[in-house]
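Step one of this worksheet: look at the structure below.
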Amino acid sequence: MSDNLTVEVVSPEKRVWSGEATMVSARTLEGDLGILPNHAPLLGVLVDGLVSIKGVDGEKLDFQINGGFISVSKNRVSILGESATE
Amino acid sequence: MGAQLRIYRRRMRSVKATKKITKAMELISASRIVKAQQRVSASSPYATELTRAVTAVASFSNTNHPLTTPHENPKRAAVLVITADRGMAGAYSNASIKEGDQLIALLKERGLDVSAYLVGRKAVNFYRFRSRTIANSWTGFSDNPTYAHAKEISDSLISAFLADSSVELSGVDELHIVYTQFKSMMTQTPEAVRMLPLEVVETEVPSGLLPMYEFEPNAGEVLSALLPRYVEARVFNAMLQSAASEHAARRRAMKSATDNADELIKSLTRLANAARQAEITQEISEIVGGADALASASAGSE
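Keeping their order, the protein sequence lines are chains Z and L.
Residue 4 is where the first sequence starts when you use the working numbering, and the numbers rise one by one after that.
Residue 119 is where the second sequence starts when you use the working numbering, and the numbers rise one by one after that.
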């Protein structure tokens with residue numbers, strides 16, 4: 004099993020960011036959610052707000068996501084938002 | 119300068135000026151096609167992810183959603199026709215409008231009323247001139263649509279779809295889109311597709327089985343959040359492809375206009391040269407004739 008997550012942040016107009024990460028945290032309708040490698044497959048609706056991604060080299064990236072959702076499967080995390088800005 | 123020659127020169131000047139304009143438009147469109155194509159491909163990761171997600175929810179839960187359920191007794195259908203705001207693009211807008219008319223005729227055969235939703239000034243003018251009713255229209259962004267535009271259009275269409283057609287006049291039971299598919303630089307074809315009720319089409323079948331997803335908060339709510347996004351993404355994609363097609367059609371139309379102007383200039387140049395030569399010949403024969411007349415007159419007087 005790989006130790007990292009492959010993360011994509013996508014908006015309808017373009018792919019905003021993609022890369023490797025060690026952790027992704029976001030807030031769904033049910034509450035805060037942290038995703039580490041080997042998370043169970045998940046599809047969740049996000050509330051408008053920040054999604055933070057912790058990159059492999061320890062840097063932390065924040066994205067403002069509006070009207071979005073998150074999908075996780077096999078260490079691939081896709082964050083889709085109607086608007087996604089850093 | 120003779121009158122004939124002057125007229126030819128004047129026409130050449132005007133054709134040359136037109137050629138400059140068409141040439142410039144051709145070059146502008148050529149550069150915009152590339153940009154429009156890039157936007158189409160830039161929007162595809164989102165569409166792919168969305169399709170995957172919708173497929174996942176749809177295949178793991180048998181939740182019925184109003185957007186996916188066909189109406190038992192459809193009364194009215196909405197047709198969204200996407201055209202250009204500006205002309206000078208050959209048959210681009212007309213082809214789309216014609217495709218829309220065929221679809222409307224087909225729907226009427228099935229006994230459905232049709233309400234028209236239009237994008238682009240060309241379609242609006244076409245409908246207004248024939249005093250057809252327009253349910254809603256959007257103009258001003260056909261060559262450079264943004265997601266916000268697509269969202270605005272989808273919102274209006276989805277709310278019409280969700281309204282009860284037997285009670286409200288604005289309600290529709292089906293939604294069709296007519297747009298121009300961008301196949302390649304040279305080929306763009308008008309295309310009519312049924313959008314709602316939704317059939318989720320998986321263009322690329324994902325390898326292997328889809329994983330067992332957990333849903334947050336639950337499958338039904340995820341689906342109702344996803345489906346409108348899905349419709350928006352499809353509308354957005356149709357608009358982007360139409361924009362790319364518009365630029366391609368305009369480039370082609372302007373290229374042939376430039377070629378025709380070249381041709382015209384060539385034949386006018388020939389005519390002008392002939393006129394100039396004829397003028398010179400005439401002048402010479404006039405001078406020679408005049409000199410002859412003078413010579414014979416003075417010879418007679420001696």
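Heads up, the beta-carbon is just placed ideally off N, CA and C, and yes, glycines get one too.
Do residue j and residue i come within 8 Å of each other at the CB atom, strictly closer than that value?
i	j	result
Leu53/Z	Phe66/Z	yes
Lys240/L	Asp203/L	yes
Phe252/L	Val237/L	According to the sequence as given, residue 252/L is Ile; it is not Phe. Taking 8 Å as the Cβ cut-off, Ile252/L and Val237/L do not qualify as a contacting pair.
Leu49/Z	Glu89/Z	no
Lys269/L	Glu350/L	yes
His294/L	Leu345/L	no
Val13/Z	Glu167/L	yes
Ala361/L	Asn262/L	yes
Thr376/L	Lys137/L	yes
Ser161/L	Pro15/Z	yes
Roughly how many whole angstroms lie between the Cα atoms of residue i and residue j?
i	j	result
Arg128/L	Ala135/L	11 Å
Met304/L	Glu404/L	57 Å
Arg131/L	Thr201/L	34 Å
His183/L	Ser342/L	7 Å
Thr321/L	Ile146/L	Low per-residue confidence applies at Thr321/L: pLDDT is 49, beneath 50, and the placement is therefore not dependable, though the value from the model is reported in the following sentence. In a straight line, the C-alpha of Thr321/L is about 33 Å away from that of Ile146/L.
Asp273/L	Glu317/L	19 Å
Ala195/L	Gln156/L	33 Å
Leu36/Z	Val10/Z	15 Å
Val59/Z	Asn78/Z	14 Å
Gln299/L	Ala337/L	33 Å
Arg312/L	Ser211/L	20 Å
Ser416/L	Gln122/L	36 Å
Gly418/L	Ala396/L	32 Å
Glu85/Z	Arg250/L	35 Å
Ala379/L	Ser76/Z	59 Å
Lys17/Z	Pro163/L	8 Å
Where does the unbroken alpha helix (DSSP H) through residue i begin, and where does it stop?
i	result
Lys193/L	No alpha helix (DSSP H) contains Lys193/L, which DSSP labels as neither H nor E.
Tyr331/L	Where Tyr331/L is concerned, there is no enclosing alpha helix (DSSP H), given that its DSSP letter is neither H nor E.
Asp273/L	265-280
Leu316/L	Note, Leu316/L: premise wrong, no alpha helix (DSSP H); not H, not E.
Could you please give the first and the last residue of the uninterrupted beta strand (DSSP E) stretch that includes residue i?
i	result
Tyr466/L	The structure shown does not extend to residue 466/L, since chain L is modelled only from 119 to 420, so the question has no answer here.
Ser177/L	Taken as a continuous stretch (DSSP letters only), Ser177/L belongs to no beta strand (DSSP E), being part of the alpha helix (DSSP H) at 162-178.
Gly58/Z	52-58
Asp65/Z	63-76
Ala213/L	Per DSSP, Ala213/L belongs to no beta strand (DSSP E); it is in the alpha helix (DSSP H), 210-227.
Arg18/Z	18-31
Have a look at the options and flag the residue whose alpha-carbon is nearest the alpha-carbon of residue i.
i	options	result
His42/Z	Lys17/Z, Thr31/Z, Asp6/Z, Arg30/Z	Asp6/Z
Leu8/Z	Glu85/Z, Ser86/Z, Val80/Z, Ala87/Z	Val80/Z
Gly289/L	Pro192/L, Val133/L, Ala415/L, Val172/L	Pro192/L
Trp256/L	Ile271/L, Arg248/L, Phe244/L, Tyr126/L	Ile271/L
Tyr297/L	Ser214/L, Leu287/L, Leu185/L, Gly408/L	Ser214/L
Gln306/L	Ala366/L, Arg388/L, Asn254/L, Val232/L	Ala366/L
Arg370/L	Ala148/L, Glu334/L, Val133/L	Ala148/L
Leu198/L	Met330/L, Lys384/L, Leu275/L, Leu287/L	Leu275/L
Glu334/L	Ala24/Z, Met26/Z, Val27/Z, Leu32/Z	Leu32/Z
Pro308/L	Ala209/L, Val158/L, Ala411/L	Ala209/L
Does any C-beta atom of chain C lie closer than 8 Å to the C-beta of residue i?
i	result
Met330/L	Protein chains in the displayed structure are Z and L, and chain C is not among them.
Quick one: is the Cβ of residue i within less than 7 Å of any heavy atom of the ligand NAD?
i	result
Gln400/L	As far as ligands go, the structure on display features none, and thus does not contain the ligand NAD.
Report the start-end ranges of each beta strand (DSSP E) in the segment 232-265 of chain L that is 3 residues or longer and not cut off at the edges. 254-256
Where in the segment 366-392 of chain L do unbroken runs of the alpha helix (DSSP H), each at least 4 residues long, occur, reported from the N-terminal end onward? none
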